Structures are given as structure tokens and as C-alpha cells.
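If you read the sequence shown in the numbering used here, its first letter stands for residue 27, the second for the next number, and so on. Backbone N, C-alpha and C define an ideal beta-carbon position, used for all residues, glycine too. Computed from a prediction, not measured in an experiment: that's the story for all the values here. A quick write-up on the structure given underneath.
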Amino acid sequence: MDDSSCLFMPQLYRLVDREEAGGEAITSAEMKQLLDLCNTCGICPCTPVQVWIREAKDAFVERAGLPANIRLIENVQLLGKLGGALPRLANFVLNNAPLSKGLKRVIGIHPERKLPLFPTDDLTSWAQARGLMNMPQTSGRKVAYFAGCTARYYFPEVAKATVEVLELNGVAVYLPAQKCCGMPTLLEGDRSFTFDLARFNVAELAQCVSAGLDIVCSCPTCGYLLKSVLREGAQYSEEYRALVQQMACQEKGNFEQVSERLAAEDAAFTGRANGASAHGRKPSMLGLTQWKMLSDQGYFAELGGANRLRVANHTYDLGEYLWEMHLAGQLKLEWGEVSAHVAYFAPCHQRQQGIGQPWVNLLCLVPGVRVERVGDAFDCCGLGGNMGFKKDFHETSLSIGSRLADKIKAAAPESVATDCLSCRLQFQHMLPYKVFHPIEILRESYQDYPSATT
């Protein structure tokens, strides 16, 4: 990890070295500036650092509050709804240089930052017409699609492609009531707003799991929060420990029997049968809980552990879900040829889920696609969601993403593919290539299949 991939850690060591060498102590202002260098990419080598950064950001906001413009920028869902209500008017303002410049100045967006235009088609209306608001009653595969704000309000073509590919493969899709995943507000240290969002989503999604649905995310940031951040410490919550301890007493300490009972009585707690993708911790690892040596110290601990585990253990990245279908022989392979040289970047929050490279594997199935993976374990686009739009972080975000941009240019692709729509916005700002979500390429291939057989 170097200065180009992470600006936080090198600066942290510089400040600590200065203080340890007898120099000036780290000031509150320096600490605030240090925290502002972190875009929550999740690639820190040690998890506690990520937790401490969140706690420190929360503390600064609790003490000093958030400026009004930051409260607006962090509310991606509100901005999407406002722009989506009158997309032509909103786009007129964004396309008008003087008006756009004034808007950016008022909100605190860097004047050089390109803003996405609002689509004129409405995902919600499309979903209602398709019947996606009705809970599926099928006994087959069915999923609750957590679309995320960027797909719902800015790139509905990605959400539509997701639904169409899943349905083509026999998966019933439900679009539950949902709010922003909470990552933009968590990133700003707005703990209260983050918890309001998470509390709503956990309640809604836990009901979906109880109804037999898995949760699928086309946005890796949403998936990372629901699958990883949400479940931190949940296996040590009082309600889950009580359940495990009760069964342990009944089974006389045989935690393998406890594991089997949990799987039989409530599979939501034990996660998936496929150990490679399961995120829940086996009950056999919780033997110490009967002595109360461990407790739920996760960021979302106050939301309770049971529903957090239900949601986290049943959340899939879209690529992960489709690849597991392929491995099970359930993915249709009726591909049409798509002639393209594609540079694919696996986003930070997808890599942190530890699911391998499902999109590379899937794209390699498509006839005519030559996929080249770019970026290593420490590469980041640098945008950091809403952070890269702010005037104080814009240049920093470009600095972080410059190394990755150079690698993409060196690959000289015809187009770029990435499953993170924040990365998509950054690449559209920094690079001359068209950028797609991999699911759009899969949909194109499926749609072209008849022409491949004529």
C-alpha cells in the first residue's frame, strides 16, 4: 500500500512518527484532516482501523455537527428523487454552464466535477408495471433485489438489466421497500441518519429472508454494508448467544448438533450450505459465549443481532449469485456473440466480500468478449461515493484514482466494465472510454442469442 492507493495510512504514520520523535502533538484539526483522507474503501490491512475511523468521524460530527451542504450531498436518495421528479428541468440546469456552476458553488461540489444526468425513465414505474412490487409466491428461486440509490435514480438501465437477466434464468424478483444502504452517511460520520436508514432496511429485508427470499445487490457498496459491516459482532449479540446457549445446554455441549439444529430450525442464522460463500460463523466457534467472554461490539450493535445475521447471511453480490447458479448448472448458456475488448475493474467493496472474481468468470462465458482484469488489491478509483464530488476532496480523489486510470489506459480497451456505479462515474470523469456494468453485457449477449443461431 503506497501513497497513491491510500492517503490515510501514510499520513497517519507521518503524524505518529513526528509525535513519537518528540515533535508537536497531533492536533484536533490534523486528526480531522486525516479522517477526511479516508474514503472507506475497506482495503485497510486490519479491520480495527476501519472501526476506529468510523468512531472518530462520528465523534467529530457529534461534537461539531454537519454543514447543511454536506447533509444534502450525503442524502443520495433525496437528490435522486428531486432530480428524478423533473428530470428534464434538472438536466437543463446541469447542462447550462452558468447555472451548473452556481449550483455546485452553493452545494459545495468542485466546479470541475462532472455530474450525472437524470434519466427520463422511472425505475419505480417500470418495476410496478412488471409486478416487481408483489412478493413472489413461487417455490423456486426468488430474490429481494436491493438496487441501491445509483441504480434506482441515476442508472436504471443497470437495475433493469439485473431484473431481466435474473428472470431469464428463472429467478423471481421482488423489489422491496428500501432506503439508501447508509454508506454515504456512515462515510460522513452521520451516525443518527445512518442508523435510521439501516433500521428500516434491516426490518424490511429480514422479512424477505423469513419469506424464503435471498437478497441480491448489483451495487458492491450496498452488498459490502449489508453483508460485512452490518454483521460485525452480530454473532456475539445477546439474543444469538442466548439461542446458541439454550441449544448447547440441550445438546450437552455438542456444538455440531447445535449447528445442525440451527440449520434445520432457522437457516437464516447459519447462512449458506456452500462454505465458500457463507458469511455466518459456525456455532461451534461460539463455545466461549457461555462464559460471556465476547460481546457484540459491531458498529450496528444497537440494532440487535438476529435480524442483522438474517440479512447478512442471505445477501449476495449479483455476480456471486449468478456464478453460483452457473456452478449449480442453473444458468442459461444461450449466449449471443458480443465482440468487445473489455477492461474489467473489481471495485474495493466487491473485493472485500471475498467472493473471488465472479464477473470475470461470467464475462469469459460470453462469446466474443475478451476481458482483461485491471488493478491490483490496493487499487481504488478514488471517488469514495459522494466524497469525490466535494470541492475539498475532488483533487484527492483524482490523485487516488490516477494509478488505476493509467493501468486502464495501458490496457487500451474498447470499453470498461465495473460493477460499482461510483467507479463508473469516476471513470467517466477521468477516461475516454464507455463504461458498463457487467450485467449490461450479459443482457446484451442474451438478447443477441437468436441472431447467433440464424
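Buried/exposed call for residue i, threshold 16 Cβ in 10 Å
{"i": "P384", "result": "buried"}
{"i": "T220", "result": "buried"}
{"i": "M159", "result": "exposed"}
{"i": "F453", "result": "buried"}
{"i": "L424", "result": "buried"}
{"i": "G345", "result": "buried"}
{"i": "V270", "result": "buried"}
{"i": "D418", "result": "exposed"}
{"i": "L348", "result": "buried"}
{"i": "N121", "result": "exposed"}
{"i": "T444", "result": "buried"}
{"i": "R529", "result": "In the structure as shown, the chain begins at 27 and stops at 480. Residue 529 is therefore absent and cannot be evaluated."}
{"i": "I465", "result": "buried"}
{"i": "G301", "result": "Because G301 sits at a pLDDT of 35, beneath the cut-off of 50, its placement in the model cannot be relied upon, and the point is left open."}
{"i": "Y39", "result": "exposed"}
{"i": "S365", "result": "exposed"}
{"i": "V242", "result": "buried"}
{"i": "R114", "result": "exposed"}
{"i": "T66", "result": "buried"}
{"i": "E138", "result": "exposed"}
{"i": "V132", "result": "exposed"}
{"i": "L314", "result": "Residue confidence is low: L314 scores 43 on pLDDT, short of 50, so the model does not pin down where it sits. No coordinate-derived value is stated."}
Residue i, DSSP secondary structure in three states
{"i": "D84", "result": "helix"}
{"i": "S151", "result": "helix"}
{"i": "C32", "result": "coil"}
{"i": "I69", "result": "coil"}
{"i": "A90", "result": "helix"}
{"i": "V255", "result": "helix"}
{"i": "S310", "result": "Note that S310 has pLDDT 42, beneath the 50 cutoff, so the model's placement of it is unreliable and the number below is only indicative. S310 falls in the helix class under three-state DSSP."}
{"i": "K168", "result": "strand"}
{"i": "E440", "result": "coil"}
{"i": "A366", "result": "strand"}
{"i": "S433", "result": "Note that residue 433 corresponds to Lys in the displayed sequence, not to Ser. It is helical."}
{"i": "T14", "result": "Nothing can be reported for residue 14: it is not among the residues displayed for the chain, which extend from 27 to 480."}
{"i": "Y342", "result": "strand"}
{"i": "F326", "result": "coil"}
{"i": "E46", "result": "helix"}
{"i": "K140", "result": "coil"}
{"i": "S321", "result": "coil"}
{"i": "T176", "result": "helix"}
{"i": "F181", "result": "coil"}
{"i": "N101", "result": "coil"}
{"i": "K107", "result": "helix"}
{"i": "A354", "result": "coil"}
{"i": "A55", "result": "helix"}
{"i": "I381", "result": "coil"}
{"i": "M113", "result": "In the sequence as presented, Met is not what sits at residue 113; that position holds Pro. P113 falls in the helix class under three-state DSSP."}
{"i": "Q452", "result": "helix"}
{"i": "L335", "result": "helix"}
{"i": "K283", "result": "Strictly speaking, residue 283 in this sequence is Gln, with Lys absent from that position. Here Q283 sits in helix by DSSP."}
{"i": "G408", "result": "coil"}
Opposing strand residues paired with residue i [DSSP bridges]
{"i": "A403", "result": "A403 is not bridged to any residue."}
{"i": "V395", "result": "A366"}
{"i": "K416", "result": "I135"}
{"i": "V461", "result": "V442"}
{"i": "F371", "result": "V400 and T444"}
Of the listed residues the options, nearest to residue i (C-alpha basis)
{"i": "K168", "options": "G109, A155, H340 and A260", "result": "H340"}
{"i": "L33", "options": "E440, A443, Q454 and L409", "result": "L409"}
{"i": "M57", "options": "C70, M35, P439 and I69", "result": "M35"}
{"i": "K130", "options": "N333, I96 and S471", "result": "I96"}
{"i": "W152", "options": "P373, P74, P182 and R399", "result": "P182"}
{"i": "T53", "options": "L41, H420, L63 and D62", "result": "L41"}
{"i": "G109", "options": "L391, L143 and D222", "result": "L143"}
{"i": "D216", "options": "E265, Q204 and L98", "result": "L98"}
{"i": "T164", "options": "T188, V197 and G68", "result": "V197"}
{"i": "Y266", "options": "K253, G249, K278 and V284", "result": "V284"}
{"i": "V456", "options": "C407, E88, K416 and G330", "result": "The amino acid at residue 456 is misidentified as Val; the sequence shows Met. Of C407, E88, K416 and G330, the residue nearest in Cα terms is C407."}
{"i": "Q154", "options": "K186, P137 and S126", "result": "K186"}
{"i": "G208", "options": "S471, L468 and T176", "result": "T176"}
{"i": "L320", "options": "A232, G174, S236 and E258", "result": "E258"}
{"i": "I79", "options": "D62, A94 and G91", "result": "D62"}
{"i": "A85", "options": "S218, E190, E286 and Q379", "result": "S218"}
{"i": "E398", "options": "G382, E440 and G411", "result": "E440"}
{"i": "Q233", "options": "E277, R336, V461 and M351", "result": "R336"}
{"i": "G238", "options": "F118, D432, N387 and V199", "result": "V199"}
{"i": "I467", "options": "S448, C390 and K433", "result": "C390"}
{"i": "D322", "options": "D474, N387 and L256", "result": "L256"}
{"i": "E328", "options": "G279, A224 and P74", "result": "A224"}
{"i": "E481", "options": "R450, K416 and S471", "result": "One cannot answer for residue 481 here, as it falls past the ends of the chain, which runs 27 to 480."}
{"i": "V392", "options": "E350, M413, A438 and E470", "result": "E470"}
Which complete beta strand (DSSP E) runs does the segment 187 to 275 hold, if anything under 3 residues is left out? 198 to 200 and 240 to 243
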